[in-house]
Each structure stands twice: as C-alpha cells, then as structure tokens.
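Top line first, the protein sequences correspond to chains F, U, W and V.
Just so you know, the first sequence maps onto residues 1 to 349 in my numbering.
Just so you know, the second sequence maps onto residues 1 to 349 in my numbering.
Just so you know, the third sequence maps onto residues 1 to 349 in my numbering.
Just so you know, the fourth sequence maps onto residues 1 to 349 in my numbering.
First comes the structure, then the notes that go with it.
There are 4 protein chains.
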Amino acid sequence: MNKIKAAIIGATGYAGQELFRILYSHPYTEVVKVNSVSYTGENYSDIYKNLNGLTELKLTNDEIEKLADEVDVIFLALPHGIASKNVNKNILNKCKIIDLGADFRLKDKNIYEKWYKVEHFGEDVLKEAVYGLCEIHSDEIKKARLVANPGCYTTCSILSLYPLVKGNLINTDTIVIDAKSGVTGAGRKPDITTSYCECNESIKAYKIASHRHTPEIEQELSIAANKNINLIFTPHLTPMNRGILATCYAKLNCECDYEKLKEAYLKYYKDKKFIRILNKGVFPETKNVKSSEYIDIGFTIDKRTGSVIVIGAIDNLFKGASGQAVQNMNLMFGFEEDTAINLPPLYAV
Amino acid sequence: MNKIKAAIIGATGYAGQELFRILYSHPYTEVVKVNSVSYTGENYSDIYKNLNGLTELKLTNDEIEKLADEVDVIFLALPHGIASKNVNKNILNKCKIIDLGADFRLKDKNIYEKWYKVEHFGEDVLKEAVYGLCEIHSDEIKKARLVANPGCYTTCSILSLYPLVKGNLINTDTIVIDAKSGVTGAGRKPDITTSYCECNESIKAYKIASHRHTPEIEQELSIAANKNINLIFTPHLTPMNRGILATCYAKLNCECDYEKLKEAYLKYYKDKKFIRILNKGVFPETKNVKSSEYIDIGFTIDKRTGSVIVIGAIDNLFKGASGQAVQNMNLMFGFEEDTAINLPPLYAV
Amino acid sequence: MNKIKAAIIGATGYAGQELFRILYSHPYTEVVKVNSVSYTGENYSDIYKNLNGLTELKLTNDEIEKLADEVDVIFLALPHGIASKNVNKNILNKCKIIDLGADFRLKDKNIYEKWYKVEHFGEDVLKEAVYGLCEIHSDEIKKARLVANPGCYTTCSILSLYPLVKGNLINTDTIVIDAKSGVTGAGRKPDITTSYCECNESIKAYKIASHRHTPEIEQELSIAANKNINLIFTPHLTPMNRGILATCYAKLNCECDYEKLKEAYLKYYKDKKFIRILNKGVFPETKNVKSSEYIDIGFTIDKRTGSVIVIGAIDNLFKGASGQAVQNMNLMFGFEEDTAINLPPLYAV
Amino acid sequence: MNKIKAAIIGATGYAGQELFRILYSHPYTEVVKVNSVSYTGENYSDIYKNLNGLTELKLTNDEIEKLADEVDVIFLALPHGIASKNVNKNILNKCKIIDLGADFRLKDKNIYEKWYKVEHFGEDVLKEAVYGLCEIHSDEIKKARLVANPGCYTTCSILSLYPLVKGNLINTDTIVIDAKSGVTGAGRKPDITTSYCECNESIKAYKIASHRHTPEIEQELSIAANKNINLIFTPHLTPMNRGILATCYAKLNCECDYEKLKEAYLKYYKDKKFIRILNKGVFPETKNVKSSEYIDIGFTIDKRTGSVIVIGAIDNLFKGASGQAVQNMNLMFGFEEDTAINLPPLYAV
C-alpha cells in the first residue's frame with residue numbers, strides 16, 4: 001500500500017511529538033512536514049532529542065493552505081482560536097483534518113465563545129465537524145473530513161459515564177467528576193506554575209467550576225441522555241508526567257446492583273478493543289494504561305448513599321490526544337482501527 | 001519550667017518519628033522513651049539517620065503500664081486494635097494518653113467494630129476519650145486524660161466542611177469528599193504496593209466506599225448537624241511523600257453567595273491560628289502547608305449546579321498526625337497551644 | 001514464517017514483564033510460558049494489570065528441563081546462583097538460553113565466586129557462554145546456544161568507554177565510573193529500602209567499591225585493552241523509575257583533541273544502529289532513551305586536568321536488560337537485529 | 001535583647017524565601033524589608049503562599065544604599081554581577097553584608113572574570129570579603145563586614161575533601177567530584193529546561209568541565225593544600241527538589257587505612273556541630289539532611305585502585321545557601337552559632 005502523507009502543525013508540543021512518534025511506526029503513513037512557529041528552521045530532533053537519528057525533518061512554518069496541497073491529512077495541535085480561523089471548505093476539499101485542539105469540539109458556537117472568550121470564525125466548517133470519540137462516533141468519523149479530537153479529560157470522563165447516562169441509570173443532576181491529570185496536560189512551555197519545584201510533591205485543584213472541558217463533557221452526555229445536563233468537573237494537577245484518573249460520582253436512579261450496571265457497560269462497550277471494564281473490586285491506576293490507547297474503567301455501588309462511583313484512567317497524551325488522533329485517522333482512511341496503536345501499556349516507565 | 005517527660009510507643013513509624021522531631025524542639029517536653037516492637041534494642045538514630053547525633057535513645061519494648069509510671073504523657077502511634085487492649089483507667093490515673101491510632105476516635109463501639117473488623121476491648125475508657133480535633137473541641141481536650149488524635153483524612157475533611165454543616169448551609173445528603181494523600185499516609189513498611197516503582201508516576205483511588213475514616217468524618221459532621229449524615233469519601237494515593245488535599249462537594253441548601261459562606265467560616269474559625277481561609281479565587285495546594293500545623297481552605301460556588309466546592313489542604317504527618325498530637329498535648333498540659341508547632345510551612349522541600 | 005516459541009522464567013520481575021511486553025509485538029516470536037515461583041497459578045495479567053486483556057497466560061512453575069522440550073528459547077530473569085545450577089548441556093542441546101542474570105557473564109568462575117559469594121555449579125556450560133553485548137560480540141552471539149545478557153550498569157559503562165580503551169587513548173589506571181540508576185534496577189520486591197517514601201526525593205550511593213557489576217566491566221574492558229584493568233565503579237540510586245546515566249572519567253594517554261576521540265567512537269560504532277554519538281557539546285539525558293534500545297554517548301575533553309569525561313545513557317530495563325535480550329535473540333535466530341526493538345524513545349512518559 | 005534588623009534583596013528566589021523562613025524563627029533578628037525587582041509592590045505572601053498570614057511585608061525595590069541606613073544586615077540573593085556593582089565601603093560602614101551570590105567568593109578578580117564572563121566592579125571591597133564557610137573560616141567571619149556565602153556545590157565538596165587535602169593524604173592531581181543536585185539549585189524562574197516534564201524522571205550532567213563552582217572549590221582546597229589544585233567537577237540535575245550529593249574520588253598518597261583517614265576528619269571537624277562523620281560502612285543520603293544545617297560525610301578506601309571515595313550530602317537551600325547565611329550572621333553578630341538553625345533534619349518530606 002502506498003503510504004499516505006501527513007503534516008503535523010504544532011509539532012513541538014507534547015501531543016505533537018507523541019503523534020510523530022506513534023506515526024513513526026505506522027505502516028501506512030509518513031509524516032512529511034512538521035510545523036512549529038516557535039522553532040521554525042530548527043531540526044526537529046534538536047528540540048526532541050529522543051528523535052535523534054530517527055528523522056531529518058526540519059521544522060517549517062508553512063501555511064495550512066499550502067500543506068493541504070501536499071499531504072493527505074493534517075493534524076492540528078494548536079492553542080484554541082487558531083484552527084477556527086484557518087480551516088475552511090477549500091482546505092477540506094483537498095485533505096482531511098484532525099484537530100487536536102478545542103475549536104471544533106463544541107457544536108454550539110455560542111457555548112464555545114462563552115467558555116473560550118474568543119470569537120469562532122469557522123462556523124461553516126464547524127457544522128460538518130465530527131466529534132472524534134472513536135468508541136461512540138465511529139460511523140460518522142469514517143465519513144468525516146474534519147474531526148475534532150476530544151480533550152483528554154473529556155475522553156476519560158465521557159467514556160466512564162456514557163453507559164450509565166445513556167441507560168438512564170443515574171440522576172444526571174448529581175454528577176460530580178473529580179479528575180486528576182499529569183503535568184504534560186499543561187503543555188510544553190516555560191511557565192513558573194509548571195516548573196519542576198512548583199509542581200513536584202504537591203497536588204492542587206485548578207480552574208474550579210470553570211474548566212473548558214466542562215461544556216464538552218456536558219454536550220456529549222446530554223446527547224446520550226437526550227436532555228440537558230449540567231455537572232461539576234474539577235481538574236487537579238498531579239505530580240506525574242502522564243495520566244488522567246477521573247473519579248465520577250452520581251446518585252443512582254434505580255435499585256441497581258453491580259451486575260445491572262456491568263450489563264450497561266458491556267452493552268455499549270463489549271466490542272470496543274481499547275475499553276477495559278475491570279473485574280468487580282478492581283479499579284484503575286493510571287500506570288496500567290501508560291503510553292497506550294486503553295481506557296480502564298472500574299466502578300462500585302455505595303449503598304449507604306445510593307450512589308455509584310465510577311473511575312476511569314487513560315494516558316492523557318495517548319488515548320487522550322495523539323493516540324486517539326491516530327485512531328481517528330485509521331477510521332477516516334479505512335485502515336484497521338488499531339493500526340500503530342495496538343501496543344501493550346508500558347509498566348514502571 | 002521543669003520539662004514534662006514523654007514516651008512514644010510506635011516510634012519507628014513515620015508519625016512516631018515526626019512526633020519525636022517536633023518534640024525535640026519543644027521547650028517544655030523531653031522524650032525519654034521510644035518504643036518499637038520491630039526494632040527493640042537498636043539505636044533510634046540508626047533507624048532514622050536524620051537523627052544521627054541528635055539522640056542517644058535506644059528503642060525499647062516496655063509495657064505501657066511501666067511507662068505510665070515513668071512519664072507524664074504517652075503517645076501511641078500503633079495499628080488499630082492494640083491501644084484498646086492496653087489503655088485502662090489505672091494507666092489514665094498515672095499519665096495522660098494521646099492516641100494517634102483509631103481505637104478511641106469512634107464513640108460508638110459497634111461502629112468501630114463494624115468498620116475495623118476487630119473487637120474493641122476498651123469500652124470503659126472509650127467513654128472518657130475526647131476527640132482531639134483542636135479547633136473544634138479544645139475545651140474538652142484541656143480537661144482530657146485520653147485524647148483520640150484524629151485521622152489525617154478526617155482532620156482535613158471535617159475542618160473543610162464543619163462551618164457549612166454546622167451552619168446548615170448545605171444538603172448533607174449530597175456530600176462527596178474526594179481526597180488525595182501522599183504515600184507516607186500508608187505508613188512505613190515493606191510492601192509491594194507502596195514500593196517506589198509501583199506508586200511513582202501513577203495515581204489511584206483505593207478502599208472506595210469502604211475507607212475507615214468515613215465513619216469518623218460522619219460522626220463529627222453528624223454532631224455538628226445534629227442529625228445523622230452518610231457521605232461519600234474516596235481516598236486516592238498520590239505520588240508524593242506528604243500532603244492531603246480534600247476536594248469536597250455538596251448542593252447548597254440556600255441561595256447563598258460567597259460572602260455568606262465566608263461569614264460561616266469566619267464565625268467558627270476566626271480565632272483559630274492554624275486555619276487559613278484563603279481569599280476568594282485562591283485555592284489550597286498541599287505544598288503551601290508542608291511540614292506545618294496549618295490547614296488551608298478555599299471554596300467557590302458553582303451556580304450552574306447549585307453546589308459549593310470546598311478544598312482543604314494539610315500535611316498528613318504534621319497537622320494530620322504528629323503536629324496535632326503536640327497541639328493536643330499543649331492544650332492538655334496548659335502550654336501555649338502553638339508551642340513547638342508555630343513554624344512556617346516549608347517551601348520547595 | 002512460523003513463530004518461534006519462547007518461555008520466560010522469572011516473568012514477574014520488571015525485566016521479565018518488559019521482555020513479555022516487547023515480545024508481544026515481535027512478529028516471529030510467541031511467548032507460550034511464563035514462570036514464576038512466587039505467583040504460580042495466578043493470571044499473569046492479574047499481577048501486571050497493564051496486560052489485562054492482552055494475555056490469558058497463567059504463571060507456571062515448570063522445570064527448565066521440561067520447558068526446553070516445549071520451546072525454542074528460554075529467557076532466564078532470575079537472581080544469581082539459580083541459573084548456574086539449572087542450565088546444562090542437555091538443555092542447550094534442546095533450546096537456546098538467554099540468561100538475563102549474572103551467572104554466565106564472568107568467564108572466570110573464581111571471580112564470580114569471589115564477588116557473588118556463592119558457588120558456581122555450571123562450569124562446563126560457562127565455557128560456551130557468550131557475553132551478549134550485541135554491539136561488540138555479535139559474531140559470537142549469532143552462533144551461541146547460551147548467551148549471558150549483560151548487566152544494566154555494565155552495558156552503559158562498557159559501551160561508553162570501549163572505543164577509548166580499545167584505541168589506547170586513556171590511562172586505564174585512572175578510570176572512574178560514577179553511575180546513576182532508576183529504582184527499577186533494584187527489582188520488584190517488598191523492601192523498606194525501595195519503598196516510595198524512602199527513595200523519593202533523595203539520592204544516595206550504594207555498594208561503594210563493592211558492586212558486582214565492577215568485575216564485569218573490568219572483564220570486558222580488559223579484553224579490549226589486552227591487559228588487566230581495575231577501575232572504580234560507584235552506583236547511585238536516583239529517584240526515578242528508569243534510566244542509567246554513567247559519567248566516566250579518565251586521564252588521557254595522549255594530546256588528543258575532540259576530533260581524535262570522535263574518530264575512535266566512529267571507528268567502532270559507525271554501523272551500530274542503537275548507538276548514538278551525540279554532537280559536540282551535547283550530552284545524554286536518560287529521558288531521551290526511555291523505553292528504547294538506544295544508548296546515547298557524549299564526551300568532552302577537560303584540558304585543565306588532561307582528562308576525558310564520557311557520559312552514556314540507557315534505559316536500564318530496555319537496552320540494559322530485556323531489549324538487549326531480544327536483540328540477542330534476534331541475532332541468535334537470524335532475525336533482523338532490530339526486530340520489535342526498532343522503536344523511538346518515548347518522551348515525557 | 002533588641003532584635004537586629006535585616007533586609008533580604010532577592011527575596012523571591014528560593015534561597016531568599018528559605019532565608020526569610022529561617023529568620024522568622026530567629027529570636028534576635030527581624031526581617032523588615034524584602035526586595036524583589038520582579039514582584040515589587042506585591043505582598044510577599046501572595047508570591048509564597050506558604051507565608052500566608054505570617055507576614056504583611058510587601059516587596060520593595062529599594063536601593064541598597066537606602067537599606068543600609070535602615071537595617072543592621074543585608075542579605076543579597078542575586079544573580080552574579082549585580083553585587084559587585086552595588087556593594088561599596090560606604091555601605092559596609094553602615095551595615096554588614098552577607099552575599100549569597102558569587103561576586104565576592106573568588107579572591108582573584110581575574111579568575112572571577114574568566115569564569116563568569118563579566119567585569120568585576122568591586123575590587124576594593126573584594127579585598128575585605130571573607131569566604132563564609134563557617135566550619136573553616138569562623139574566626140575571620142566573626143570579624144567580617146562582608147561575607148561571601150559559599151555556593152551549594154562548593155560547600156558540600158570542600159567540606160567533604162578538606163581534611164584529606166589539608167592532611168596531604170590524597171594526590172590532588174587525581175580529584176574527581178561528581179555532584180548531584182536537586183532542581184531548586186537552578187533557581188525559581190520560568191524556563192523550559194526546569195519545567196516539570198523536562199526534569200522529572202530523568203538525570204543529566206550539565207556544564208561539564210565548565211561549571212562556575214569549580215574555581216571556588218579549587219581556591220579553597222588550594223589554600224588547604226598550600227599549592228595549586230586543578231580538579232574535575234561535574235554537576236548533575238537530579239529529579240528531586242532539594243539536596244546535593246557529592247561523590248568525590250582521589251588516589252591516596254599513602255598506605256592509609258580507614259582509621260587514619262577518620263583521624264584526619266576528626267582532627268578538623270570534631271567540634272563542628274553541623275558536620276556528621278558517619279560510621280564506617282554508612283554513607284550519606286540527601287534525605288537525611290533535608291531542611292537542616294547538617295552535612296553528612298562518609299568515606300571508604302578502595303584498595304583495588306588505591307583510592308578513597310568520599311561522599312558528602314547537604315540540603316542545597318539550607319546548609320548550601322540560606323542556613324549557612326544565618327550561621328554566618330550568627331557568627332558576625334555574636335549570637336550562638338546555631339541559633340535558629342539547630343533543627344533536626346526532616347524525614348520523608
């Protein structure tokens with residue numbers, strides 16, 4: 001098979017690098033362009049020295065229009081507000097776009113503008129954007145030209161709660177998601193708040209009641225519930241490089257036992273290779289999914305309070321960003337869904 | 001002033017060592033005995049090499065009865081189930097006891113036995129035990145012969161929620177406490193689950209819906225509410241040595257604004273030196289209270305869900321164990337409450 | 001191609017698991033047996049939950065003789081002293097052995113017994129054992145039935161110094177190797193010295209002037225130098241999961257400049273895919289080789305002291321153990337040398 | 001006793017904060033001014049939230065001339081090149097100066113300018129500056145008006161080797177110092193190289209054969225040896241907040257045994273409270289001196305190579321910077337040398 005050609009815009013962020021690394025082992029894809037505003041002209045392997053000897057690519061600063069003529073797929077790994085200005089129908093006529101940023105995730109432009117505090121310039125292409133949560137929207141993804149790759153917290157949160165919401169098993173007015181992320185989630189940049197000695201040996205919540213992944217989780221769970229959901233989402237910065245753990249709480253709607261809930265999970269997930277529903281009494285740890293496409297989900301019923309506690313774990317850079325981007329690409333191009341991402345999680349790394 | 005004499009039973013655990021270290025700088029107290037079953041006969045400073053040159057004490061295995069004749073106060077830092085067997089009226093007639101373990105925290109022997117799965121042998125002395133949460137029970141503590149030093153999670157959780165519960169500002173059926181602890185909370189012992197490579201770079205929840213600090217939190221908040229409370233408490237193991245962050249959620253009972261809640265906190269805490277209510281928009285990080293007696297508390301209202309989110313942070317070994325034990329001792333012996341624990345938190349340590 | 005069959009004895013150590021994980025993606029090998037004395041009868045994926053859903057293998061405790069009948073290659077990942085008792089000519093007639101332990105690394109039984117303080121029972125097979133440092137001994141490895149996979153520290157140390165010693169560029173009486181290792185190097189076991197809170201946020205040297213990798217480094221460098229070498233080797237325990245950094249010092253033999261030394265490195269390593277000689281002024285960091293077969297080497301001349309400083313970095317579990325074991329297997333079975341280990345290092349993991 | 005007044009210039013660096021924290025508990029000193037160019041006008045406790053409620057000081061940007069009129073002692077915690085421009089005789093006539101930076105450490109202006117690549121403007125005051133290594137120069141320090149507080153690496157390195165050099169027990173042409181530091185050593189600033197995910201889980205050497213602490217170590221050891229010494233010093237960045245471990249190597253000059261070397265250490269250090277010579281076979285770990293003024297020193301003889309290996313450990317921010325600054329102040333003002341720094345090291349923090 002001829003390899004398709006790919007470009008990564010925003011290649012020097014952690015997600016960009018992880019994407020390059022995964023695609024390096026992809027049998028049907030070749031990354032031919034790596035773009036970076038900050039490091040234009042430098043060798044990619046001088047910025048990411050793990051890639052020393054593995055690539056001769058130099059970082060460029062090409063226009064997306066130009067790249068669209070040269071490649072089959074463009075990955076955008078950019079801060080919000082840039083993609084909506086630059087992606088247009090003309091580009092989508094020429095190549096597929098997978099946006100790892102936030103600009104095309106929220107279907108309602110007004111909600112986007114409210115939470116992100118910037119104008120959305122891409123309303124016309126927003127309409128055709130598909131929310132790239134592969135385990136839920138694979139049919140649309142296969143036909144999409146523009147996929148909005150989900151956020152890291154949202155991937156973990158939605159997948160953890162989806163069967164319970166879809167199955168109407170929980171009271172959606174009582175959902176609390178307490179999520180913990182490694183520091184790669186904050187991106188790669190010089191910033192005192194993510195400096196080693198400020199993050200190390202400490203944990204904190206941040207953007208309490210105001211994190212931008214909140215409306216994204218609400219959007220997808222509202223669709224599943226077929227009604228509007230507001231929920232509490234609290235992210236925490238955890239002293240580790242990678243991983244997201246989402247501890248989710250809700251009052252049960254029913255006199256459900258464990259088996260009933262398990263049934264719901266299996267109903268929606270039984271054929272989903274990368275979702276592992278853990279055995280009763282076993283709960284996720286972020287180390288068990290590190291550098292992999294897997295999400296581990298465990299849950300229990302707390303009879304004393306009539307609640308369910310669901311815990312999900314992913315690697316924020318892999319399933320929560322670049323791995324899922326490749327999974328989306330595989331679906332969009334008709335490759336096997338698990339191509340290049342069918343790897344066991346690493347242990348003690 | 002003559003120094004009082006103190007003994008530490010269970011001196012080789014992390015709380016025992018921290019207690020010794022704090023008391024080392026206490027002007028009115030001298031630790032004269034350090035007990036340890038596992039290391040009897042060894043130099044204390046060979047086990048804790050930070051104490052090299054600072055103490056000549058050898059670890060002993062004396063009976064508590066014998067120690068009661070020799071010292072003014074005995075600190076117990078033992079696994080549950082031992083103290084209830086060994087503390088009796090006769091001992092309390094001779095010296096004061098501060099128990100850092102769980103045996104005298106729960107006023108109801110049946111609840112203790114249900115959660116701890118062992119028989120409680122000290123029912124007679126249990127009746128006179130005072131729950132040593134200094135900011136709430138200082139009057140009783142001053143008169144007590146036996147103080148049950150609160151658990152680490154419970155100290156942080158109760159103090160974070162107490163004013164809201166006492167002031168009837170939240171719906172107590174909706175309380176969720178999602179707590180994160182450093183690994184010292186698991187104690188000092190050879191155990192694969194707390195080995196470096198198994199804990200490092202990962203986070204997990206544990207003892208979900210079943211942790212033994214749950215009934216302790218419920219007991220104290222129920223007293224405050226004057227009604228029975230059941231709540232959800234989920235502890236998490238976080239890759240850091242020290243610190244507890246408790247992220248607490250509840251639906252509001254009222255149309256309260258931030259100022260109304262702040263008022264409640266100030267009402268109960270305004271004279272409490274070691275409680276710091278953070279400014280609006282500022283939230284705790286465990287690093288800011290490290291190696292100190294302080295608890296930092298911050299909160300916000302989430303109007304979208306009609307909820308309050310309160311976050312508390314302590315050092316689990318200091319305010320959550322040994323520092324509070326010294327605070328209790330200070331109250332019991334009539335020393336200034338902050339003697340030897342009036343230290344600024346360490347930064348970047 | 002039919003897959004060869006492999007067994008791993010000692011599969012529940014970190015090296016054993018890493019080996020299983022690498023072989024999981026090997027196109028020509030299938031692991032059919034995983035042995036463990038401690039966990040016999042349990043599901044492998046219950047011990048290593050990252051493998052959940054990826055293998056149905058149960059841990060067995062088969063005799064090596066029996067396994068030799070069933071598989072093409074046996075990997076031993078055992079404490080020293082066991083392999084020498086169990087590997088014999090009869091077994092080698094039936095299958096190939098790759099020993100990740102120490103028993104067949106030292107050619108001189110007496111040196112082994114002196115450093116390891118146990119008797120060596122496998123003198124006859126020791127004679128045919130090949131030291132499996134792939135970049136130096138590939139010709140012998142290809143023909144070997146029994147390969148002694150090098151130690152982690154030794155792999156990094158020898159490869160860092162080999163060209164300088166072989167080229168007679170340094171005074172071999174002045175070699176100092178100051179090495180730093182992540183905690184996985186200490187193995188997976190409950191032990192207070194490797195518990196999280198004892199290792200975290202601290203660094204120490206250990207086995208000073210007495211570590212067992214010393215004679216192994218000396219053996220290989222002595223062969224290269226064609227004379228007996230004694231050197232100083234000091235290992236340090238570093239608070240991280242993985243990685244070895246070896247900082248090596250020696251007085252120069254000559255008025256060499258940087259280019260002269262570089263020439264020596266290129267002479268011996270220019271075709272070695274997994275050795276990366278860094279550009280002038282660039283030095284290794286363990287993060288750049290994580291979870292990979294690469295060794296990064298950088299060096300500089302210190303004119304003020306007439307010395308060279310060479311620094312090497314590897315992943316101790318990958319190139320320093322399991323990855324190199326697979327590289328050895330590839331050579332022994334005629335597969336491409338880089339099969340299944342041709343992966344870019346992971347970043348920020 | 002009336003308290004002396006102190007000012008800290010550069011109060012928002014890690015050393016500045018640590019100094020403020022130590023002086024907070026000093027019975028005879030009050031910090032009345034905290035200066036910071038970057039944060040002028042802000043509350044000190046808004047930058048360092050651990051100090052919340054403990055100080056009302058605002059950060060100022062006063063001229064040192066002005067401060068000299070207001071206080072008894074000024075601590076400078078500034079990047080190199082600033083102090084030499086600003087400290088003059090007039091200021092020294094008015095108050096004492098303790099400079100935590102590098103400008104007055106090297107007695108030879110030319111060596112300073114060669115290594116630091118900036119002009120030295122304070123040659124006249126340089127002459128009267130005393131090198132503030134308290135255990136070696138206490139007599140001069142007591143009389144000094146200007147003390148150059150030693151560097152962190154240098155404190156650890158010099159104290160580790162001083163008795164061997166002074167006693168002519170080692171070949172000073174063969175000294176190698178391989179030092180490992182926590183990340184606080186790099187200061188507090190937004191910088192990609194000290195961001196969490198770039199430092200975490202990795203170790204590297206840096207400024208190889210070129211670190212500016214080299215001439216400082218050489219200066220002091222040369223004085224001790226009464227001859228010029230050139231040595232190798234290699235710093236490493238270690239993934240932990242605090243601590244320096246210096247592993248030092250040298251060929252022995254003599255047929256010395258362990259006892260002979262121990263005698264040398266005791267000769268020079270037996271009355272030095274903060275130097276702990278460990279028992280034979282025991283070696284330092286940085287955790288054992290954390291947040292303390294202690295240096296732990298252990299050593300062994302390697303007969304095979306005729307060498308001694310000495311290992312020293314300190315807390316880089318405490319003994320290596322701010323604690324030693326207070327020790328210097330205590331000596332300069334006639335306080336007990338250990339005032340406010342006589343604290344046991346913290347454990348598992």
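Beta carbons: idealized from backbone N, C-alpha and C, even for Gly.
Keep in mind the model is a prediction, meaning the values are calculated, not measured.
Asked: Three or more C-beta pairs below 8 Å linking the region 271-289 of chain F and the region 1-20 of chain U; Found: no
Asked: Beta-carbon proximity list for Ala224(W), same chain, < 6 Å, skipping 5 on both sides; Found: Tyr162, Val165, Lys166
Asked: At least three beta-carbon pairs within less than 8 Å, the region 240-254 of chain F to the region 229-238 of chain U; Found: yes
Asked: Anticipated Cβ contact below 8 Å, Val349(W) with Ile314(W), distance rounded; Found: So it is not a contact: roughly 16 Å between Cβ atoms.
Asked: Bridge partners - Gly298(W), DSSP secondary structure assignment; Found: Ile311(W)
Asked: Positions along the region 29-56 of chain W whose CB lies within less than 9 Å of some CB in chain U; Found: none
Asked: C-alpha gap between Gly187(V) and Lys114(U), whole angstroms; Found: 52 Å
Asked: One or two residues paired with His236(U) in a DSSP bridge; Found: Lys180(U), Ala205(U)
Asked: Gly334(F) burial status per 10 Å Cβ neighbour count (16 or more: buried); Found: exposed
Asked: Tyr44(W) versus Ile97(W) - alpha carbon distance; Found: 22 Å
Asked: Ile208(U): contacting residues in chain F (beta-carbon distance under 7 Å); Found: Phe283, Thr300, Ile309
Asked: Three-state class that DSSP yields for Lys164(V) in the structure shown; Found: With the sequence shown as reference, residue 164(V) is identified as Leu, and Lys is not the correct amino acid for it. Three-state DSSP puts Leu164(V) in a helix.
Asked: Check whether Leu76(F) and Lys180(F) have beta carbons under 8 Å apart; Found: no
Asked: Under 8 Å between C-beta atoms of Thr155(F) and Ala205(U); Found: no
Asked: Local conformation of Cys248(V) per DSSP, three classes; Found: strand
Asked: Collapsed DSSP secondary structure at Asp103(F) in the structure displayed; Found: coil
Asked: Candidates Pro27(U), Ala68(U), Pro344(U), Leu51(U): closest to Asn93(U) by CA position; Found: Ala68(U)
Asked: Residue-level contact to chain W via CB, Gly185(V), 8 Å cutoff; Found: no
Asked: Cutoff 7 Å; reference Lys272(U); Cβ partners in own chain excluding five residues on either side; Found: Glu135
Asked: Identity of the residue in Tyr347(U), Leu23(U), Ile8(U) nearest Asn35(U) by Cα; Found: Ile8(U)
Asked: Cβ-Cβ separation, Ala264(F) to Leu169(F) (assumed contact under 8 Å), whole Å; Found: 6 Å
Asked: Below-8 Å beta-carbon distance, Cys156(V) vs any chain W residue; Found: no
Asked: Residue interval of the alpha helix (DSSP H) (run including Arg21(F)); Found: 14-24
Asked: Nearest candidate by alpha-carbon position, reference Leu106(V), set Ile217(V), Gly323(V), Leu252(V), Ile295(V); Found: Ile217(V)
Asked: Beta-carbon proximity list for Thr194(F), same chain, < 7 Å, skipping 5 on both sides; Found: Val183, Ala186
Asked: Straight-line gap, Val31(W) to Ile295(U) (C-alpha atoms, nearest Å); Found: 53 Å
Asked: C-beta neighbour in chain W for Asp99(U), strict 8 Å; Found: no
Asked: 9 Å Cβ cut-off: residues of chain F touching Gln17(W); Found: Tyr347, Ala348
Asked: Tyr269(U) versus Gly13(U) - alpha carbon distance; Found: 32 Å
Asked: Beta-ladder partner(s) of Glu285(V), from DSSP; Found: Lys204(W)
Asked: Under 9 Å (Cβ pairs) to chain U, residues found in the region 234-257 of chain V; Found: Asn241, Arg242
Asked: Any chain U beta carbon closer than 8 Å to Arg145(F); Found: no
Asked: Closest by C-alpha distance to Tyr131(V), when choosing among Gln327(V), Leu346(V), Cys197(V), Ala340(V); Found: Gln327(V)
Asked: Three CB pairs or more closer than 8 Å across the region 255-264 of chain U and the region 227-234 of chain U; Found: no
Asked: Minimum Cβ-Cβ distance from Asn61(W) to chain A less than 8 Å; Found: Absent from the structure is chain A; the protein chains it does hold are F, U, W and V.
Asked: Where the beta strand (DSSP E) containing Asn241(V) begins and where it ends; Found: Segment: none, Asn241(V) is in no beta strand (DSSP E) and carries neither H nor E.
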